[in-house]
Amino acid sequence: MMLTGAQIFVKVLLEQGVDTMFGYPGGAVLNLYDELYKAQDQLTHIMTAHEQGAAHAADGYARATGKTGVVLATSGPGATNLVTGIATAYMDSVPMVAFTGNVSTNLIGRDSFQEVYITGITMPITKHNFVVRRVEDLADTMREAFRIAQSGRKGPVLVDIPKDVTSDRAEYTPAAPVVPTPVKARYDLLAIKQAAEIINRAKRPVIYYGGGVHSDEGRTALNEFIHKADLPATHTLMAAGVLSYGDPMNLGLLGMHGSFTSNKVVDEADVVIAVGTRFSDRVALNTKTFAHNATIVQIDIDPAEVGKNVAVNYSLVGDASEILTAMLPHIQPAHHTEWWDQIHHWQAIDYHPTNHNDRLMPHQIIGTCCELAGPDAVYVTDVGQHQMWAAQYIRHVKNRGFLTSGGLGTMGFGYGAALGAQAAVGRDTPVVMMTGDGSFHMNLNEACTAVSYDLPVITVIFNNQVLGMVRQWQTTFYGKRYSSTDPHRATDYVKLAEGFGLKGYHCETLTEFRAAFEEALASKKPAWIECRIAKDEKVLPMIPAGGTIEDMIMS
Amino acid sequence: MNRHVISLLVDNHAGVLTRVSSLFGRRGFNIDSLTVSATNDPATSRITIVVHVDDDAELQQIILQTANLQESQQVFALDIPHSLLRELLLIKVCADVTNRTELKEIASIYKAKIIDLSPTSMVFELTGEPEKIDAFLSMLADYKIMEMCRTGITALERGNRHDHIQQQQA
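Going line by line, the protein sequences match chains B and C.
Okay, so the first sequence: first residue is 1 according to this note's numbering, each after it adds one.
Okay, so the second sequence: first residue is 1001 according to this note's numbering, each after it adds one.
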């Protein structure tokens, strides 16, 4: 049937199984929005306060579900406002398709009103991008975008659609949802056996896993693998929540703010198995000394990750869950008793936060959140100290239950992402957004979106009145010269919340916090809870950038 | 630092060169020279890139990251001893009656063609391996060079290595 580009746009979204999307209208996308209006019973469009919030919402939606997040913005500033959100998704390999409007094809290249070369701008932060110059190409280009976003190492794809393409007509032929291109396995049975043999011979093994095992299959395969081989397991920020908190095999976070034990184990291990992780500079702080006593076996979906940051001895390229499952029969059940005795000794002398009754402590706030919101809740963070505390102290995390901007470290990620997650999981599953007063000021305007769409995100603000993480570095490395980190803001969070039409709480003790959180949870309405914490509360332990375990700061 | 020649077969799409050079810029890979040309398949272009790298790991990174581009069909480093590397040089030299003959002599030894002559200048064209062009240029170093350009290396492997790829596409 002959349809306009705008009609084809909506048809393809529906055919690809999109039922929720995020965006912000404007001149170049008026035709698209007109068709979205007509299709609103099949396709929910959530309009945010700012396009950046929409991009983070699509990202949060994708992280919480594993489905591809969809965001739509107009040309020019609409498109550029997506950039931080797209880069965030790119760094964390989140599947997303971003659509931007553009000026009509006859106006492209003439510096027309609200024209920007968004495909040029987003080239280094997308898996791929397209400009659709003919309406005949629209449907297949959109399908290709969904295929690329979901295939192999996932990531964002941008499709730029000039306005005349949305009004031109073309024949539309329905198609089935695209199937991701299968991951090419670049290993054989011999390689699997050889890798298993390295693990079987290990005396002091450790598995170090990252965001690449985030899927249900990845988690199950990892669990079976570590229990059979008796492997202590440590993880990156992106994999917080993949193994359950309290699992004795789980040593917790690795790297700059990882535990002493995790870092010590990797330092002294004779075999390190790296699964779905990229040896980033927040984990392999010093690439020369990282796991320097170990034979490193790397398992990753992206061949370009092998040896990118740290030289490895053995690599298997393919889907992590498939590789772990294939290796399992060749793994001999093991008991590394001596190694575990050593690890338990390190755990006993590791950093442990102290409880206080007279002031609010970050780990106690997080403990209370988890106790009250329960194991099914989705936790979202912004970026900074609170993010590290969350990664260290959060418990009950489920798969896809801890959403954080790891690679790009985007302050302001949280609110949009939390709204996207809430839209994905529905009103009955609590979504708790943890933020700092610094990050929160970046995108708190999305409070209006929470109210408009009645998305009951509970925002917990760790307010130390300073930019805590930067301050911590200034305290330790810059002689306490607090340059631009102590802004003396006078924001009244309770009044501001009320101004947006949601409920605000101010807490100075754990008892007050517990009462506020319980009330917010029961109300099923969006709420802010401001927690006053001390200015000089630190994230510990800490290894300075480029340092080794010898440089670890414990107090 | 070792020289390597990387051959990329890519989709013949608008913007594909920008993607490749953007990737090189972002990852901090230095390009010595780059040529783009058509192939026997109109849907495919060949990009030949010369790089200097410290070690094999760096070369592997360049190849693997480039192969990750959606429009990459095939990426490989040429086996230089078994490859044909060619470059084209155009050079305009100040020349008058006093030195025209000696310049012509140098050109004939290198089999460079004289493609333009004026009372005050000569233009030479030379095709060959980069080393031959370097040698020719060193002979011209004593003369006043007005303008020059080199195309950068374009290359193919000898014999039947990799040619199955193009046959499949043809």
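All C-beta atoms in this analysis are idealised placements derived from N, C-alpha and C, irrespective of residue type, glycine included.
query, result
"For B/T435 and B/E410, believed in contact at Cβ under 8 angstroms, the rounded distance", "Strictly speaking, residue 410 of chain B in this sequence is Thr, with Glu absent from that position. That pair is no contact at about 12 angstroms."
"Minimum Cβ-Cβ distance from B/R481 to chain C less than 8 angstroms", "no"
"Reference B/V380; option with closest CA among B/T404, B/V397, B/H128", "B/T404"
"8 angstroms Cβ cutoff, C/A1141 in contact with chain B", "no"
"Three-way DSSP call (helix, strand, coil) for B/G556 in this model", "Any property of residue 556 of chain B remains undetermined from this structure, which presents chain B solely from 1 to 555."
"First and last residue of the uninterrupted alpha helix (DSSP H) at C/V1020", "1016-1027"
"Cα-Cα separation, B/I198 to B/V271", "8 angstroms"
"Beta-carbon gap between B/L285 and B/Q392 smaller than 8 angstroms", "no"
"C-alpha distance - B/R169 paired with B/E144, whole-angstrom precision", "20 angstroms"
"Residue from B/D247, B/L36, B/I299, B/K264 whose Cα sits closest to the Cα of B/H557", "Outside the modelled stretch of chain B, which goes from 1 to 555, sits residue 557 of chain B, for which no answer is possible."
"Own chain, CB closer than 7 angstroms to C/A1107, minus 5 neighbours either side, in chain order", "I1114, F1124"
"Of the listed residues B/K193, B/W340, B/S280, nearest to B/D560 (C-alpha basis)", "The structure shown does not extend to residue 560 of chain B, since chain B is modelled only from 1 to 555, so the question has no answer here."
"Below-8 angstroms beta-carbon distance, B/P303 vs any chain C residue", "yes"
"Beta-carbon proximity of B/D492 to B/V466, cut-off 8 angstroms", "no"
"C/Q1061: contacting residues in chain B (beta-carbon distance under 9 angstroms)", "A304, G307, K308"
"Reduced DSSP category for B/P177 - H, G, I as helix; E, B as strand; rest coil", "coil"
"Integer Cβ distance of C/A1008 from C/S1083, believed to fall under 8 angstroms", "Just to set this straight, residue 1008 of chain C is Leu in the shown sequence, not Ala. At roughly 15 angstroms, the Cβ-Cβ gap does not stay under 8 angstroms, so C/L1008 and C/S1083 are not in contact."
"Chain-ordered chain C contacts of B/H128 [CB-CB under 7 angstroms]", "Q1070"
"DSSP-derived helix/strand/coil call for C/P1042", "coil"
"Paired residues, beta bridge with B/L72 - DSSP", "B/G23, B/F99"
"Chain-ordered neighbours of C/A1057 on chain B, where CB pairs are closer than 8 angstroms", "G307, A311"
"Same chain, Cβ closer than 8 angstroms to B/Y245, five either side skipped, listed in chain order", "I394, R395, H396, V397"
"Whole-angstrom distance between B/H56 and B/V157, CA atom to CA atom", "14 angstroms"
"Chain E contact for C/S1037 (CB, 8 angstroms cutoff)", "No chain E appears in this structure, whose protein chains are B and C."
"Sub-8 angstroms separation of B/E115 and B/G76 beta-carbons", "yes"
"B/V378, enclosing alpha helix (DSSP H) - first and last residue", "Premise fails: B/V378 lies in the beta strand (DSSP E), 378-381, not in any alpha helix (DSSP H)."
"Cα-Cα separation between B/H336 and B/R204, rounded to whole angstroms", "7 angstroms"
"According to DSSP, residues forming a beta bridge with B/R110", "Looking at the DSSP assignment, B/R110 forms no beta bridge with any residue, so it has no partner."
"Below-8 angstroms beta-carbon distance, C/L1009 vs any chain B residue", "no"
"Three-state secondary structure assigned by DSSP to C/K1113", "strand"
"Nearest-angstrom beta carbon gap, B/I343 and B/V283 [assumed within contact, 8 angstroms]", "With 8 angstroms as the limit, B/V283 and B/I343 do not qualify as a contact, their Cβ atoms being about 19 angstroms apart."
"Endpoints, the alpha helix (DSSP H) within which B/G218 is located", "216-229"
"The region 116-140 of chain B: positions lying closer than 8 angstroms to chain C by Cβ", "T119, G120, M123, P124, K127, H128"
"Beta carbon proximity, B/I148 to chain C, threshold 8 angstroms", "yes"
"Uninterrupted alpha helix (DSSP H) stretches inside the region 121-157 of chain B (no shorter than 4 residues)", "138-150"
"Span of the beta strand (DSSP E), counted from its first residue to its last, around B/G307", "Looking at the DSSP string, B/G307 is not in any beta strand (DSSP E), and its letter there is neither H nor E."
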